[in-house]
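Numbering (the numbering used here), first residue to last: 242 to 532.
Each residue gets a CB set at the ideal place from its N, CA and C atoms; glycine is no exception.
On a predicted model such as this, the values are computed, not experimentally measured, just so you know.
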Amino acid sequence: MGAALGAVGSALGAAWYVSRRVNPVPRRTYIDTYTFTPWEQGVPFERITLQTPDGLKLAAWWLPRPESQSVVIGCHGHTGGKHDLLGIGTGCWRAGHNVLLFDFRGRGESDNWPNTLISREVEDLKTALAYARKRQPQARIGVVGFSMGAAVAILTAADEPSFSAVVADSPFATATEVVAGGVRAVLRIPADPLIALTDLLVERSHGYRLSRVRPVDVVSRLAPRPLFLIHGTADTLIPVSHAHQLFAAASQPKELWLYDGAEHCGAYFADRETYVARVTAFFQQYLQSID
């Protein structure tokens, strides 16, 4: 009996650990505001606040192109912030797009909220989309996301026809698969029983199920809108197999760029010039071209 109770306790402890890694408690300090802004890039911008349906304030930057009829919205990764998107964001602005960069809830300068893998983040992107539509009513709107932000972009755009094009850098195909991979790599134990228990703990504490976060199931609904998938072949956090799954499930038009030897979200840092050129060319084709 003692051994059985010990095993149960160990399993619960491991599941709690995994759930906290997936949904970390935000720990903010004054240093969180010490980030670069578009000002350092020589790009004009407005500090704006987005209001979510449940009453939270999301901090955002609007990079204006008043003459343009296109908008690119940027989605950062799991524990990142809008400043992580300055490279591609200012690149898209220089290519002629209005750009909206924002902090998901609980990150950056947005209102505090438990960091989750995808609980309310889809609603946050919809909030950003609503602002872009109000600000530029006639604009074509694209979205570029990284890691979790890429998964959020796919999940949101699948049900939001206002998105005309999606760039997804290093997204996961299913949440449980990527979390299970982390369990096997870090804890070196069988993942399936632990993930099932973690799934229940996440639902109880954060109100969503990891097992239901499956971009691979909805990616086909983007069509006939285009999808540009980017992934590093040496990604140890979200293996490149996720990109292959998503690409196989997606319908045309679609494009897959695998950057040889790049780690997680590493294609931009491996070749910034080519990365910005390819992403902006994609948006040029589908956001700025005339029907």
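Check                                                                                                                                                                    : Outcome
Quick one, which of GLU287, ALA301, ALA522 has its alpha-carbon nearest THR293's?                                                                                        : ALA301
Less than 8 Å between C-beta atoms, sequence neighbours within five positions excluded: which residues of the same chain meet that for ILE329?                           : GLY315, VAL385, TYR509, TYR516, VAL517, VAL520
Less than 9 Å between the C-beta atoms of ILE471 and SER388, yes or no?                                                                                                  : no
Between which two residues does the alpha helix (DSSP H) holding ALA490 run?                                                                                             : 482-490
So the candidates are ASP365, ASN264, HIS324, TYR372; which of them puts its Cα closest to the Cα of ASP352?                                                             : ASP365
Starting from ILE436, follow the beta strand (DSSP E) in both directions and report where the run begins and ends.                                                       : No beta strand (DSSP E) contains ILE436, which is instead part of the alpha helix (DSSP H) from 433-447.
Taking just the CA atoms, how far does TRP498 sit from TYR372?                                                                                                           : 30 Å
Roughly how many angstroms separate the alpha carbons of GLY318 and GLY349, rounded to a whole number?                                                                   : 11 Å
Which two residues bound the contiguous beta strand (DSSP E) that contains GLY473?                                                                                       : 468-473
On the criterion of 16 or more Cβ atoms from any shown chain inside 10 Å, does GLU281 qualify as buried, or is it exposed?                                               : exposed
Evaluate GLN526 with the Cβ neighbour count: other Cβ atoms within 10 Å of its Cβ, from every protein chain shown; 16 or more gives buried, anything less gives exposed. : exposed
Cα separation between PRO434 and THR397?                                                                                                                                 : 30 Å
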